[in-house]
Amino acid sequence: MAGVSTPELAAAVSNAGALGSIAVGATNADGARLMIAELKSRTDRPFNVNLFVHHTPTPDPAREAAWLDWLAPLFATFEAEPPKALRTIYKSFADDPDMLAMLLETAPPVISFHFGVPSADAIAALRERGIVLLASATSLTEARAIEAAGIDVIVAQGIEAGGHRGIFDPAEPDDALGIMALTRLLLRETRLPVIASGGIMDGAGIAAVLDLGAVAAQLGTAFIACPESAADEAYRMALFGPGGYHTTLTALISGRPARALANRFTALARTVGGRIAPDYPIAYDAGKALHAAAKAQNEYGFGAQWAGQGAPLARPMPAARLVETLWSELQECRRTGSTSAPSAGR
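Residue numbers (the numbering used here): 52 to 397.
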């Protein structure tokens, strides 16, 4: 998750024996270079760099103005004005040759793609550098596209997962497959290794997806509460509050479907009516501005507090200790032949 991942967190995870990851979709090539350099200074273990490969957004001044008009009363509540116009605040990797050049130079061990796959030329160049390539799929159609593109590993993202849905085209219907059905489907219908992601929070969850045939499990929400993450205090409190039990998918915050903790922003779904958010990440410009205005007035219910359905199972502990705990739980499941997790308080 781009909002909470840090080089410190990724390094701690890698040093503990798992594969740490940094998300660079919310920065440019220079920012990503600095993050990779810091990560390399903290670990000599493999790590992953995650990139967004969304469709190039289509500016629509009329739609964007209508969106800002709808949000204007909320801005006024916090004694602020909405932006005069909205911007494309993040480039897609598909439109960012500088990012590709930087990655070819720094050659991180693993790169993962979200929202789609890059061009054949980009894939070939990255593979030539010996980089292992992963890509997220929420459906069989997407998985087949990943396989055809020459990617090495599929990340099966179940509907339970926190953060942005990796769906390639948000205008298309979402089959909303859970991680169990999706993992089994992709293993049966493709020839690539599958990493399972979505709602996995403990060793029992890891054991369950490995038993399904996944080669690994990907965890995100489980690490939000670690002190090394970039989550602020309000985010951490919300994770362990009522909103943690009521995550919801919404496109209101960024313009793309994403699973977040229930808060005042997600509650706007009740009043949005037939309005359609601007394309991602144009809508995110408005969402970030509203969050900043609210935060300035000590209101923290408009943040992008991404989290998966397993949020109530989060445990606040250092990342290395969490990796050790997950490993111990997995080994216990293997020893007993059970995927029943031991009960544990927060």
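C-beta atoms are modelled at their ideal positions from N, C-alpha and C, and glycine is treated no differently.
Is residue i near residue j, with beta carbons less than 8 Å apart?
{"i": "Ala328", "j": "Ala320", "result": "no"}
{"i": "Ile246", "j": "Gln269", "result": "yes"}
{"i": "Pro108", "j": "Asp336", "result": "no"}
{"i": "Glu380", "j": "Gly254", "result": "yes"}
{"i": "Ala343", "j": "Gly352", "result": "no"}
{"i": "Ile197", "j": "Ile205", "result": "yes"}
{"i": "Leu233", "j": "Ala207", "result": "yes"}
{"i": "Ser143", "j": "Val104", "result": "yes"}
{"i": "Leu102", "j": "Phe164", "result": "yes"}
{"i": "Pro332", "j": "Thr139", "result": "yes"}
{"i": "Asp146", "j": "Ala80", "result": "no"}
{"i": "Gly76", "j": "Ala212", "result": "no"}
{"i": "Ala370", "j": "Ala113", "result": "no"}
{"i": "Gly271", "j": "Gly325", "result": "no"}
{"i": "Thr57", "j": "Ser280", "result": "yes"}
{"i": "Ala258", "j": "Arg385", "result": "yes"}
{"i": "Glu115", "j": "Ala88", "result": "no"}
{"i": "Arg84", "j": "Thr192", "result": "no"}
{"i": "Ile162", "j": "Leu177", "result": "yes"}
{"i": "Leu2", "j": "Phe166", "result": "The requested residue 2 does not occur in the structure, where the chain is confined to residues 52 to 397."}
{"i": "Pro133", "j": "Leu119", "result": "yes"}
{"i": "Arg307", "j": "Pro221", "result": "yes"}
{"i": "Gln129", "j": "Ala347", "result": "Rather than Gln, the amino acid found at residue 129 in this sequence is Phe. Yes."}
Closest by CA to residue i, which one among the options?
{"i": "Ala309", "options": "Pro278, Ser92, Leu236 and Gly354", "result": "Gly354"}
{"i": "Ala131", "options": "Leu300, Gly294, Lys339 and Ala313", "result": "Lys339"}
{"i": "Trp398", "options": "His106, Gly249, Pro169 and Asp203", "result": "For the chain, the structure presents residues 52 to 397; residue 398 sits outside this window and is missing."}
{"i": "Ala61", "options": "Ala285, Val323 and Phe274", "result": "Phe274"}
{"i": "Met153", "options": "Ala136, Ala173 and Leu137", "result": "Ala173"}
{"i": "Ser65", "options": "Gly359, Val374, Arg385 and Pro110", "result": "Val374"}
{"i": "Met231", "options": "Glu59, Gly209 and Leu377", "result": "Gly209"}
{"i": "His297", "options": "Met288, Asn314 and Ala282", "result": "Asn314"}
{"i": "Gly201", "options": "Ala67, Ser170 and Leu312", "result": "Ser170"}
{"i": "Gln382", "options": "Ala199, Glu193 and Gly256", "result": "Gly256"}
{"i": "Asn349", "options": "Asp220, Val323, Ala285 and Pro224", "result": "Ala285"}
{"i": "Val55", "options": "Arg287, Ala176 and Gly82", "result": "Arg287"}
{"i": "Arg235", "options": "Ala158, Glu156, Ala194 and Ile87", "result": "Ala194"}
{"i": "Ala175", "options": "Pro159, Pro110, Leu155 and Gly167", "result": "Leu155"}
{"i": "Leu312", "options": "Leu341, Gly361 and Cys277", "result": "Gly361"}
{"i": "Tyr141", "options": "Pro133, Leu228 and Thr78", "result": "Thr78"}
{"i": "Thr301", "options": "Leu341, Ala289, Leu125 and Phe316", "result": "Phe316"}
{"i": "Ala199", "options": "Leu243, Met252, Ala318 and Thr322", "result": "Leu243"}
{"i": "Gly294", "options": "Pro124, Pro160, Ala318 and Ala67", "result": "Ala318"}
{"i": "Pro124", "options": "Leu377, Thr322 and Thr376", "result": "Thr322"}
{"i": "Trp378", "options": "Ala67, Asp283 and Asp226", "result": "Ala67"}
{"i": "His106", "options": "Ser92, Val168, Trp121 and Pro159", "result": "Val168"}
{"i": "Pro160", "options": "Ala227, Ala117 and Lys91", "result": "Lys91"}
Just list the residues that DSSP pairs residue i with in beta bridges.
{"i": "Thr301", "result": "Ala309"}
{"i": "Ser163", "result": "Asn101 and Leu185"}
{"i": "Ser143", "result": "Ser143 is not bridged to any residue."}
{"i": "Ser72", "result": "Asn99"}
Task: Entirely enclosed beta strand (DSSP E) segments - the stretch 259-298, minimum 3 residues - done: Counting only runs of 3 or more, we get 267-269.
Open item on the list: Within 8 Å, do at least three Cβ pairs link the stretch 261-268 to the stretch 180-191?
Closed with: Under the three-pair Cβ rule at 8 Å, the stretch 180-191 does not count as touching the stretch 261-268.
- [ ] Say whether the stretch 62-79 touches the stretch 88-97, bearing in mind that this needs 3 or more beta-carbon pairs closer than 8 Å, one atom from each stretch.
- [x] Judged by Cβ distances under 8 Å, the stretch 62-79 makes contact with the stretch 88-97, as three or more pairs qualify.
Open item on the list: Could you tell me which whole beta strand (DSSP E) segments of length 3 or greater appear in the stretch 348-385?
Closed with: Fully enclosed beta strand (DSSP E) runs of 3 or longer: not present.
Open item on the list: Quick test of the definition: if touching needs 3 or more C-beta pairs under 8 Å, does the stretch 225-241 touch the stretch 366-378?
Closed with: At 8 Å Cβ cutoff, the stretches do not touch.
- [ ] Please list the segments of the alpha helix (DSSP H) lying wholly inside the stretch 171-248, counting only runs of 4 or more residues, in order along the chain.
- [x] Entirely contained in the stretch 171-248, the alpha helix (DSSP H) runs reaching 4 residues are, in chain order, 171-179, 191-200 and 230-240.
Open item on the list: Going residue by residue through the stretch 103-137, where are the continuous beta strand (DSSP E) segments of at least 3 residues, counting only ones entirely within it?
Closed with: Entirely contained in the stretch 103-137, not one beta strand (DSSP E) run reaches 3 residues.
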